[in-house]
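K.L.:
Take this structure first; my questions come after.
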Amino acid sequence: MLFEEIFVEKADLQKFYMFRILMTAGNTALTINDLSLRMNVSYQQSYNIFQELVTDMQDLTGLTSRAAKKQLSTQADFPISIDEYRLFLLKQAIQFEFVDYLVQATNPSVDKFCQEHFISRSTLLRKTTGVRDLLARYQVKLSLTQTGFIGDEKQIRLFIYTFYWMSYHGLAWPFKSPALSVVHKQYLDLPNAREDQIAILQDMLFWGICRLRISHGFVLQRFHRFDEVLGRFPEAHQYLYSRALFPGLSPAQLRAESEFFIFYQLRDMDFNDHGHLDRQLYTYFTTDDNVVTDYLLRLSNFAKPFLRQPASSLTKNAILATNIARVVMNYYLLEGEHIKLIDFFNFTRPEYEQTRLLDFLNDFVETLPQTGAYASLYPVRHEMVHIMYYLLIPYLRVFKWNELVQVKLLNGANGLANTDMILFLKDMNDVEILDDNADPADADLIIAAVDDPEELLRNNPELHHPHILYWHLDPTETDFYQLYITIKHIFLDKLMPEV
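Going letter by letter, the sequence shown gives residues 1 to 499 in the UniProt record's numbering.
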């Protein structure tokens, strides 16, 4: 389920969707009728939503109604971003306000919250149904009786972090206390402070959440599996929480808090070039003796018969292997399901997962032990498959399966003049360019560089092909987009199960 569907009022969702359509329309001016078609609502509904959207824009920008309508219609230098409007709507939702209240209030009270917002307890219960259902997936309860979160503190903090990061996206600091300036100074003093600006914003948010929870009396217990998995990883034993900053915590609590922050920094996927910490983690999980290392080895050995190059290994790709290791580490240390950003991804075409890759992964997890260290991984094996499927999709070309789009270049399409097009094809993970002497009948797509397509087909009747694309010497952005869409449609058709 999308984040907005849980934390934005249903009446406001339509306004948000319309605003997003308008802001991503490029130079295309959209009419009310266009909007109604794109949103699958009636003309009258579309008109009413637009009028409400104009009112919001007046409140946010101070523009007159006429000026707001004009700017919404043309998107010309519009002063409000999609993220800013989304946050505006979130802050008006009872369910969002209640979660924020529970996190920040020193002594939260359901009765006090209901009085301040002029709602009944039953209304609050109804409004927070989606939040409670979400938290239940991670064994956390949103309690109106005890007024707070009940469950594993590690899971609670990961939820709070996801809640604020998904809401604010770094637009503003969400907490009254601790102040951003205080958190920023403390973060820069950490030995493992990062350099990437997005990572810094995320780290400071998480550090602020941990500080806030500690100040409210919610202190962590150690992972009982931490030493088993990361005990020999050098970076895992830094003391980030000092007695000077947290005099009320015991040495064991300081250690638990430090280890959890380190785990947080290690747990998220990273698809960029490996930094120092990522390289260390890759080396560790491909050489140490623990359940994560064993999982990677089992997956690599299981994959060998399916790879194009017999001597190759999935674990030789550092980024892929490290991200798979992170999946296993998360599920093992958190002992099951846990909140992830992918939980809020809109899977509009789940049927595309009916592929050999998915079958391969499902077959693999059925070979895993069900006892010992794997006892807690086996029940969530299919949840792990779902994530690993998306990690492995960009690497389909290393497998023997014929699911890549086979492209045949004809009549000079592979010449120097078309270098940009060839590089474009090579950058697509679902394309394989056939050899010059390959039979065009073996191709899923033929790209021909010709001025007269009809003459080409008259002289080469064997080229009558369901997918043939004619490429010109002066291609436009539209041509590249059409090439991309054509390949994607062919690829997705190949992934669909045969009926």
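Each residue gets a CB set at the ideal place from its N, CA and C atoms; glycine is no exception.
Between the Cα of residue 33 and the Cα atoms of 197, 143, 42, 408, which residue gives the shortest distance?
P.N.:
42
K.L.:
In terms of residues, what are the limits of the beta strand (DSSP E) holding residue 406?
P.N.:
From DSSP, the beta strand (DSSP E) with residue 406 extends over 405–410.
K.L.:
Where residue 229 and residue 263 are concerned, what is the direct C-alpha to C-alpha distance, given to the nearest angstrom?
P.N.:
C-alpha separation (whole angstroms): 11 Å.
K.L.:
Here's the rule: buried if 16 or more other CB atoms are within 10 angstroms of the residue's CB, otherwise exposed. What is residue 338?
P.N.:
Per the 10 Å Cβ criterion, buried.
K.L.:
Considering only their Cβ atoms, is the gap separating residue 71 from residue 63 smaller than 8 Å?
P.N.:
yes
K.L.:
Tell me whether the beta-carbon of residue 404 lies closer than 8 Å to the beta-carbon of residue 432.
P.N.:
yes
K.L.:
Spatial neighbours of residue 180 within its chain, please: C-beta separation below 7 Å, excluding the five flanking residues on both sides.
P.N.:
Correct list, in chain order: 173.
K.L.:
When you compare only the Cα positions, how much space is there between residue 105 and residue 55?
P.N.:
32 Å
K.L.:
Just verifying my parser: in three-state terms, what is the DSSP assignment at residue 399?
P.N.:
strand
K.L.:
Quick one: residues in its chain with C-beta nearer than 6 Å to the C-beta of residue 206, no 5 flanking neighbours on either side, listed in chain order?
P.N.:
161, 264
K.L.:
Is it true that the segment 149–158 meets the segment 208–215, where meeting means three or more beta-carbon pairs spaced less than 8 Å apart?
P.N.:
Flag = yes, the segment 149–158 and the segment 208–215 touch.
K.L.:
How about residue 299 and residue 320: do their beta carbons lie closer than 8 Å?
P.N.:
Contact flag unset, no.
K.L.:
Under the criterion of a Cβ to heavy atom distance below 7 Å, does residue 484 qualify as lining the ligand HEM?
P.N.:
No copy of the ligand HEM appears in this structure; indeed no ligand is present at all.
K.L.:
Express the C-alpha separation of residue 343 and residue 491 in angstroms, rounding to a whole number.
P.N.:
25 Å
K.L.:
Between residue 187 and the rest of its own chain, which residues show a CB-CB distance below 8 Å, the 5 nearest in sequence each way excluded?
P.N.:
193, 200, 203, 204, 207
K.L.:
In this structure, how does DSSP classify residue 206 when only helix, strand and coil are distinguished?
P.N.:
helix
K.L.:
Name, in chain order, the residues that DSSP records as bridge partners for residue 445.
P.N.:
407
K.L.:
Per DSSP, what kind of secondary structure is residue 314 in: helix, strand or coil?
P.N.:
helix
K.L.:
Throw me the rounded Cβ distance for the residue 226 and residue 333 pair, which I believe falls under 8 Å.
P.N.:
Contact annotation, residue 226 with residue 333: C-beta distance approximately 7 Å; criterion of less than 8 Å satisfied.
K.L.:
Tell me the rounded alpha-carbon separation between residue 267 and residue 325.
P.N.:
9 Å
K.L.:
Would you list the residues sitting across from residue 307 in a DSSP beta bridge?
P.N.:
Residue 307 is bridged to 399.
K.L.:
Using 8 Å as the cut-off, can you tell me whether the segment 116–134 makes contact with the segment 91–103, which would need three or more C-beta pairs spanning the two stretches below that distance?
P.N.:
At 8 Å Cβ cutoff, the stretches touch.
K.L.:
So, under 8 Å CB-CB, residue 254 and residue 260 are touching, yes? Tell me the CB distance rounded to an integer number of Å.
P.N.:
About 11 Å; that fails the 8 Å criterion.
K.L.:
Quick one, are the C-beta atoms of residue 501 and residue 469 less than 8 Å apart?
P.N.:
Summary: the structure shown does not reach residue 501, with the chain confined to residues 1 through 499, and so no result is reported for it.
K.L.:
Got a sec, what are the start and stop residues for the beta strand (DSSP E) residue 143 sits in?
P.N.:
141–143
K.L.:
Going by Cα to Cα distance, which pick from 8, 116, 295, 18 is closest to residue 372?
P.N.:
295
K.L.:
Taking the alpha carbon of residue 17 as the point to measure from, which residue in 328, 53, 482, 121 has its own alpha carbon closest?
P.N.:
53
K.L.:
Using only CA atoms, which one of 256, 233, 481, 248 lies nearest to residue 240?
P.N.:
Answer by Cα proximity: 256.
K.L.:
Using a Cβ distance threshold of 8 Å, determine whether the segment 146–155 contacts the segment 216–223, with at least three qualifying pairs required.
P.N.:
yes
K.L.:
Of the residues 393, 481, 330, 466, which one's Cα is nearest the Cα of residue 384?
P.N.:
It is 330 whose Cα lies nearest to the Cα of residue 384.
K.L.:
For residue 234, which of 395, 77, 278, 420 has the nearest alpha-carbon?
P.N.:
Ranking 395, 77, 278, 420 by Cα distance to residue 234 puts 278 first.
K.L.:
Using the DSSP secondary-structure output, state which residues sit across from residue 200 in a beta bridge.
P.N.:
In the DSSP output, where bridge partners are listed per residue, residue 200 has none listed.
K.L.:
Could you check what DSSP says for residue 218 in three-state terms: helix, strand or coil?
P.N.:
Residue 218 falls in the coil class under three-state DSSP.
K.L.:
If you draw a straight line from the alpha carbon of residue 15 to that of residue 67, how long is it in whole angstroms?
P.N.:
Roughly 18 Å separates the two Cα atoms.
K.L.:
Sort 430, 449, 442, 369 by Cα distance to residue 493 and report the nearest one.
P.N.:
430
K.L.:
Using DSSP with H/G/I as helix, E/B as strand and the rest coil, what is residue 150?
P.N.:
strand
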